[in-house]
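Numbering (this note's numbering), first residue to last: 2 to 366.
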């Protein structure tokens, strides 16, 4: 940190030349990659693509675009077409690009961007089309959406490993990418892949009972709907449903509207809904996950807004007898939950930062 920070301080020409938080993290990460002489770096865009600070590489080996949804609309635009235009900004001249299946308007814009940038673009095939020597491919990551993500990961990895400049002179959308044979090592990699905070399940014992946590950092309407689908499958299979307490722990950040994310969650019929900021402990002086760009008061006010939104959504429905509470930190939320008797099922969602704070709180305890 200080090596990069001090270098930037020395080199700056004007008082406002120091990079913002995310830009600084990007510069620091690239400095680490260079110092460690990494063989390959996966650079994930922060927001959008066209104007994102990670979009400085002129000749990446391969480019990937995951499923698009309405997110960061105050910066990227209010329509899927506007967002697709921004996302398509990471495509580069002659560099193979792959996209997950998209809504037709988004795919049309990505095609236009690929033609504009003279870039070959393929849509990834369904995972079932890959040759696994007759074996059933097992995905380590939970959630139906991971079949799409796995296909995209396979195409990106294959393109990098083989450095194939297929159809280099062609541009625009070239149809479906070719599915290929998955060898044993690749199949094992897919099976053993883990992604903390995405469809993650953890069980913790306490003096009063057990708590099973279902962690998913979903923070868009599309990802929340998939999260709800996953969690409802768990509820429907739970033979102890009547004796368990189902709890929601929720937060939302940025310009996202809590109503959009809370409405799908109502179908889970939670017994309790708790709202807390993305702070592991109330005094987070040593917390690496603390967001110093937002005040604690602002975060707590946001939690109250989230609680009031849930209340307004459910007040006219007598089937909702949900217990509602706000807490100043994740640790105090977990302490309250785990201080109760019996089995509890806790869904933590709405923000990747919230999930990170929960995992950090688990480590602290």
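Heads up, the beta-carbon is just placed ideally off N, CA and C, and yes, glycines get one too.
Note that the structure is a prediction, hence the values are computed from the model and not measured.
Which residues share a DSSP beta bridge with residue 376? Shown here, the chain extends from 2 to 366; a query on residue 376 therefore has no answer.
Environment of residue 124 [buried if 16+ CB atoms lie within 10 Å]: buried
Applying the 10 Å Cβ sphere with the 16-neighbour rule, what's the burial state of residue 3? exposed
Inter-residue Cα distance where the pair is residue 112 and residue 34: 32 Å
Three-state secondary structure (DSSP) at residue 51? coil
Coarse secondary structure for residue 14, derived from DSSP in three states: DSSP places residue 14 in coil when its eight states are reduced to three.
To the nearest angstrom, how far is it from the Cα of residue 315 to the Cα of residue 55? 42 Å
Excluding five sequence neighbours on each side, which residues of the same chain lie with their C-beta closer than 8 Å to the C-beta of residue 78? 84, 86, 87
Going by beta carbon distance, what residues of the same chain come within less than 8 Å of residue 312, once the five residues before and after it are set aside? 325
Look up residue 311 in the DSSP assignment and say whether it is helix, strand or coil. helix
At which residues does the alpha helix (DSSP H) containing residue 324 begin and terminate? Taken as a continuous stretch (DSSP letters only), residue 324 belongs to no alpha helix (DSSP H), being part of the beta strand (DSSP E) at 324 to 327.
So, residue 191 versus residue 132, is the Cβ gap smaller than 8 Å? Their beta carbons are not under 8 Å apart, which means residue 191 does not touch residue 132 by this criterion.
So for residue 90, helix, strand or coil by DSSP? helix
Compute the Euclidean distance between the alpha carbons of residue 287 and residue 181, then round it to the nearest angstrom. The predicted position of residue 287 is uncertain, since its pLDDT is 46 and thus under 50; no value can be drawn from it.
State the DSSP-derived secondary structure class of residue 45, mapped to helix, strand or coil. coil
So what does DSSP say about residue 106, is it helix, strand or coil? helix
For the segment 259 to 269 and the segment 202 to 215, state whether three or more C-beta atom pairs, one from each stretch, are separated by less than 8 Å. No, the segment 259 to 269 is not in contact with the segment 202 to 215.
With hydrogens ignored, establish whether the beta-carbon of residue 90 is closer than 7 Å to any heavy atom of the ligand COA. Among the ligands in the structure shown, none appear at all, so the ligand COA cannot be discussed.
Verify whether the separation of the beta carbon atoms of residue 62 and residue 161 is less than 8 Å. Taking a C-beta distance under 8 Å as the contact criterion, residue 62 and residue 161 qualify as a contact pair.
DSSP three-state call for residue 339: helix, strand or coil? helix
Count the other C-beta atoms from every protein chain shown that fall within 10 angstroms of the C-beta of residue 42, then say buried if there are 16 or more, exposed otherwise. exposed
If you run the structure through DSSP and keep just helix, strand and coil, what is residue 176? strand
Are residue 354 and residue 254 close, meaning C-beta to C-beta below 8 Å? yes
Supposed close pair residue 128, residue 152 - CB separation, criterion 8 Å: 5 Å
What did DSSP end up calling residue 65 once you bin it into helix, strand or coil? strand
Strand pairing of residue 188, partner residues [DSSP]: In DSSP, residue 188 forms no bridge with anything.
Among the candidates 8, 302, 138, 115, whose CA atom is the shortest distance from the CA of residue 176? 115
To the nearest angstrom, report how far apart residue 194 and residue 139 are at their CA atoms. 10 Å
Close Cβ partners of residue 360 (< 7 Å) along its chain, the five nearest in sequence each way excluded: 197, 198
Taking its Cβ as the centre, do 16 or more other Cβ atoms sit within 10 Å of residue 65, making it buried, or is it exposed? buried
Confirm, please, whether the CB-CB distance from residue 276 to residue 304 is below 8 Å. Pairing residue 304 with residue 276 gives a Cβ-Cβ distance under 8 Å.
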